[in-house]
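Student: Residue numbers for the sequence shown, in our numbering: 6 to 267. A virtual CB, placed ideally from N, CA and C, is assigned to each residue, including glycine. Sending over a structure as structure tokens; questions will come in a sec.
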Amino acid sequence: MELSLKGKKALITGASYGLGYSCAKVLAEEGVDLAICGRDKDKVQNAAKELASNSSARVLGVRADLTVPCDLTSLVEQANNFLGDIDILIVSTGHPPTDPFTVTTDDDWKQGYDLVLQPPIALSRLVLKGMKERKYGRIIYIGSIFGIEPEYSSVVQSTLRTGLNALSKCIATEVASYGITVNVICPGYFDTPLVRELAKKYAVSEHVSVDEILSSWAAHSPVKKFGNPEDLGALVALLASPRGEFITGTTITIDGGAVKRF
6 MELSLKGKKA
16 LITGASYGLG
26 YSCAKVLAEE
36 GVDLAICGRD
46 KDKVQNAAKE
56 LASNSSARVL
66 GVRADLTVPC
76 DLTSLVEQAN
86 NFLGDIDILI
96 VSTGHPPTDP
106 FTVTTDDDWK
116 QGYDLVLQPP
126 IALSRLVLKG
136 MKERKYGRII
146 YIGSIFGIEP
156 EYSSVVQSTL
166 RTGLNALSKC
176 IATEVASYGI
186 TVNVICPGYF
196 DTPLVRELAK
206 KYAVSEHVSV
216 DEILSSWAAH
226 SPVKKFGNPE
236 DLGALVALLA
246 SPRGEFITGT
256 TITIDGGAVK
266 RF
């Protein structure tokens with residue numbers, strides 16, 4: 006299926022590795038020019054070089070901390086200067102603290118908000134003016150299945166990811182008449198460095214091996230395995246394309262059927 010993405014321009018956060026990188030890889034292969042960001046300057050620039058060398062896309066790597074407001078403003082400015090316009094915004098962030106409610110602190114909740122909700126709010130505000138003027142835009146937030154089925158041991162993430170889903174629906178309704186779509190993709194367990202780091206934490210707290218944690222997580226879905234990050238990238242490509250014009254204000258799970266089993 007021809008997605009008609011060639012020549013489009015996208016800003017993708019958290020794209021040095023993991024799910025964000027997979028989204029960038031698929032879009033670059035479709036001919037989308039990219040600005041990507043990450044906290045580590047060397048990692049994000051290496052990722053940008055790799056993406057550019059394996060595709061025809063132009064790719065800019067920007068060091069940015071999504072929890073720092075001035076970094077977000079600078080990121081969009083640099084992306085606009087490099088790309089000319091931003092047709093597609095994909096916001097992928099890290100995970101906030103993972104603890105049950107009774108042991109969370111005010112700092113945990115602030116850190117979670119700064120990481121999960123503030124970046125999509127600020128970045129969407131910064132790109133929407135141009136999208137409205139051009140009568141075209143695609144905004145995609147990478148959420149979590151915990152935003153669909155809350156997990157008590159990750160109360161901060163569950164609460165804020167639910168808020169992200171609500172944010173998407175509200176913005177989608179407001180900007181629909183401008184040819185702009187806004188959606189959330191809620192991944193289940195994918196084989197990424199971040200998931201493996203989380204598994205290490207749970208393994209320590211539960212006094213089991215990392216492999217046991219990973220196996221238990223994989224067992225949550227009927228397919229009994231982790232997702233391939235590029236499968237998520239393929240879904241992003243559809244939503245980011247003109248073909249996705251009738252898909253907006255929705256939350257899509259990509260989890261091997263895990264939510265159905267909860």
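Grab me the residues of residue 78's own chain with a C-beta within less than 6 Å of its C-beta, minus the 5 sequence neighbours each way, in chain order.
Tutor: Result list for residue 78: empty, nothing under 6 Å.
Student: Give the DSSP bridge partners of residue 188, in chain order.
Tutor: Answer is 145, bridged to residue 188.
Student: Rounded to whole angstroms, what's the CA-CA distance from residue 246 to residue 213? Just pull it up for me.
Tutor: Rounded to whole angstroms, residue 246 to residue 213 spans 44 Å at the Cα level.
Student: Just the C-alpha distance for residue 191 and residue 86, rounded to the nearest angstrom, thanks.
Tutor: Roughly 31 Å between the two C-alpha positions.
Student: Could you name the residues of the same chain whose beta carbon sits closer than 8 Å to that of residue 232, not counting the 5 residues immediately before and after it, in chain order?
Tutor: Hits under 8 Å: 192, 193, 194, 195, 196, 259, 260 and 261.
Student: For a test of the three-state rule: what should DSSP assign to residue 38, helix, strand or coil?
Tutor: Strand, per DSSP.
Student: If I'm right that residue 15 touches residue 32 with Cβ under 8 Å, what's the distance once you round it to whole angstroms?
Tutor: Correct: roughly 6 Å between the Cβ atoms.
Student: Using 8 Å for Cβ pairs, my map puts residue 68 next to residue 46. What's the rounded Cβ distance?
Tutor: That belief holds up - the Cβ atoms of residue 68 and residue 46 are roughly 4 Å apart, short of 8 Å.
Student: Would you tell me roughly how many angstroms separate the C-alpha atoms of residue 125 and residue 224, rounded to the nearest one?
Tutor: For residue 125 and residue 224, the distance between alpha carbons rounds to 31 Å.
Student: Going along the chain, which residues of its own chain have a beta-carbon closer than 6 Å to the beta-carbon of residue 19, five neighbours each way excluded?
Tutor: Excluding positions up to five away in sequence, the list reads 25, 97 and 98.
Student: In the structure shown, what three-state DSSP assignment does residue 267 receive?
Tutor: Low confidence applies here, because residue 267 scores a pLDDT of 47, under 50, leaving its location unreliable; read the following figure in that light. Residue 267 falls in the coil class under three-state DSSP.
Student: Specify the secondary structure class of residue 256 as computed by DSSP and reduced to three states.
Tutor: Note: residue 256 maps to strand in three-state DSSP.
Student: For residue 257, which residues from the same chain have a beta carbon less than 6 Å from its beta carbon, with the 5 sequence-adjacent residues on both sides left out?
Tutor: Excluding sequence neighbours, residue 257 sits near 190.
Student: Considering only residues of the same chain and omitting the five flanking positions on each side of residue 267, which have a CB-CB separation below 6 Å?
Tutor: Below a pLDDT of 50, predicted positions are generally treated as unreliable, and residue 267, at 47, falls in that range; the measurement from the model is reported next regardless. Closer than 6 Å at the Cβ level, and outside the excluded window around residue 267, lie 154.
Student: Would you check if the region 33–44 and the region 106–119 touch, i.e. whether three or more CB-CB distances between them fall below 8 Å?
Tutor: No: fewer than three Cβ pairs fall under 8 Å.
Student: Count the other CB atoms within 10 Å of the CB of residue 12; is the residue buried (16 or more) or exposed (fewer)?
Tutor: Classification of residue 12: exposed, given that the 10 Å Cβ count is below 16.
Student: For residue 17, name the three-state secondary structure that DSSP assigns.
Tutor: Residue 17: strand per DSSP, three-state reduction.
Student: For residue 75, count neighbouring C-beta atoms within 10 Å of its own C-beta (all shown protein chains included) and say buried if the count is 16 or more, exposed if not.
Tutor: Looking at its Cβ environment, which holds fewer than 16 other Cβ atoms inside 10 Å, residue 75 is exposed.
Student: Could you round the C-beta distance between residue 166 and residue 93 to whole angstroms and report it? I think they count as a contact, below 8 Å.
Tutor: Not really, about 21 Å apart at Cβ, beyond 8 Å.
Student: If we ignore side chains and look at the alpha-carbon of each, how far apart do residue 60 and residue 176 end up?
Tutor: Going from the Cα of residue 60 to the Cα of residue 176 covers about 33 Å.
Student: Can you tell me where the beta strand (DSSP E) holding residue 66 begins and where it ends?
Tutor: Unbroken beta strand (DSSP E) run through residue 66: 64–68.
Student: Residue 91 and residue 241: beta carbons closer than 8 Å?
Tutor: Contact: no.
Student: By DSSP, does residue 120 sit in helix, in strand, or in coil?
Tutor: Reduced to three states, the DSSP call for residue 120 is helix.
Student: What's the call for residue 30, buried or exposed, on a 16-neighbour Cβ count within 10 Å?
Tutor: Buried, since its Cβ has 16 or more Cβ neighbours within 10 Å.
Student: On a Cα-Cα basis, can you pick out the residue from 209, 70 and 161 that is closest to residue 106?
Tutor: Nearest option by C-alpha distance: 161.
Student: Expressed to the nearest angstrom, what Euclidean distance is found between the alpha-carbon atoms of residue 158 and residue 95?
Tutor: Distance between the alpha carbons of residue 158 and residue 95: 27 Å.
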